[in-house]
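I have placed the structure first, in the form of C-alpha cells, so that the comments after it can refer back to it.
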Amino acid sequence: VANMYDLVDAIYSLDITAVPLEQVESLLNLLQTIDRTEVKAIQSFSGDPSDLCRADRFIHIVMVEKGRFLKKLEAYLFVLQLDGAVDAIHGKVNKLDKACNEICGSEELRRLFISLRDVFNVMNENSSSRSGVGVDGVHLRALSRGALKKGENLTTMDISIVNLLGFHGDDMRAILPTLKYVEAAQRVDLDQILAEFKAVEDGLKVISNEVALEEKQPPIKRGHAENKFIHRATTLLSKAGGLMSEVRLAVEGAKDKVSAV
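The opening position of the sequence shown corresponds to residue 888 in this note's numbering, with each subsequent residue numbered one higher.
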C-alpha cells in the first residue's frame, strides 16, 4: 500500500491482496500494546487532525475516525491465516486417522496384546501364590525380543512367558511398522486439534459479527470500503461454511476412532 490511508482502506475493505501477513501482525501487536494514556490523549484532541504528527494522525484515524479498525484488523489477519489453519487441522486429522486404521487393522498387534494379557495373568498368578518369582520390564522386553534363549538359565516362568508371547525374530519385525503408527498416534494431540478447530470457528464468528454490525448501518452511511467488506466477508463465510462442515466431520471421525483404539 502507498500510504496509511490506503492501508486503512485495504483493511476495512478486506482486500487480503494488499497487506502482507508480517505487516498485519506487526500492526496488530502495535495497536494492542500501545500506551493507553497516549491513545486517550489523541482521542481527546479537539484540533485539526492534520496538525498531528504522522504517527498520531494514524492513531487518530484507527482509534477515532475508524472506531472498529482493531476488529477489522483481527478479521483481516484471520482470513490471511485461514487456509493454513484448515490445512494444518486436515493434516493432523489425516495422520491420526491413518494411524488409527493401521492400529485397529493390525492382526499382529492384536496377537501381541492378547499374549501380553496372558503374560500378566501368569505373573499375577505367581504373585498371588507367593512363589517369589518376578519379572521386571527389562527382562520381559528381552524375552519378547527372543534375546534370551532356552538354556540361558531360564526359569519355569521365563519359559512360560516365551511360549505365551510367541513373538520372535520375523514376528517382532513384522509388528514394528504398526508400533510406529502407535507412536505417531500418540504424538497427535486430539485436544490440540479440537482447540485449533474451535479457534477457526471463533475467527469466523468475529467476521460474521462484523458483517452484522456493518449491515445494521443504513446503506447511505456506509462507505465504499464497508460495502466491500460485507461482500468479501459474506463470500468467505459461505465458502468457509462448507469447508468447516467437512473438517468437523473429519474431527468427529477422528474422535470416534481414537476412542475405539
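Heads up, the beta-carbon is just placed ideally off N, CA and C, and yes, glycines get one too.
Which of helix, strand or coil does DSSP assign to residue i?
i	result
LEU1149	Only positions 888 to 1148 of the chain appear in the structure, and residue 1149 is not among them; the question remains open.
ILE921	coil
PHE965	helix
ASN890	coil
ARG1135	helix
PHE1116	helix
SER931	coil
GLY1110	coil
GLY1056	A caution first: GLY1056 carries a pLDDT of 46, below 50, which makes its placement in the model too unreliable to give a value.
GLY1038	Confidence at GLY1038 is low in this model, with a pLDDT of 49, below 50, so its placement is unreliable and no value can be given for it.
First and last residue of the alpha helix (DSSP H) that includes residue i?
i	result
GLU1083	1077–1103
GLU904	Contrary to the premise, residue 904 reads as Thr rather than Glu in this sequence. Run containing THR904: none; DSSP gives neither H nor E here.
ASP943	941–947
Quick one: Cα of residue i to Cα of residue j, how far?
i	j	result
ASP1143	LYS985	13 Å
GLY1140	LYS982	12 Å
THR1121	GLY1090	14 Å
PRO936	ALA972	40 Å
LEU1123	PHE932	38 Å
LYS927	ASN916	18 Å
ILE976	ILE1080	6 Å
GLN930	PHE956	14 Å
LEU939	GLU961	26 Å
ASP846	GLU1113	Summary: the structure shown does not reach residue 846, with the chain confined to residues 888 through 1148, and so no result is reported for it.
ASP893	LYS959	14 Å
LYS1085	VAL1098	20 Å
LYS1126	GLY978	20 Å
LYS1108	ALA897	19 Å
ASP1078	ARG1135	14 Å
GLY1128	GLU1102	20 Å
PRO1105	SER1095	18 Å
PRO907	ARG941	21 Å
VAL949	GLU1083	30 Å
PHE1115	GLU1088	Looking at the sequence provided, one finds Lys at residue 1115 rather than Phe. Using only the alpha carbons, I get a separation of about 22 Å.
VAL951	ASP970	32 Å
VAL911	THR920	14 Å
HIS947	VAL895	12 Å
LEU967	ILE903	7 Å
MET1131	ALA1137	10 Å
HIS1118	ARG944	29 Å
GLU836	ASN988	Since the displayed the chain opens at 888 and closes at 1148, residue 836 lies outside it and no answer follows.
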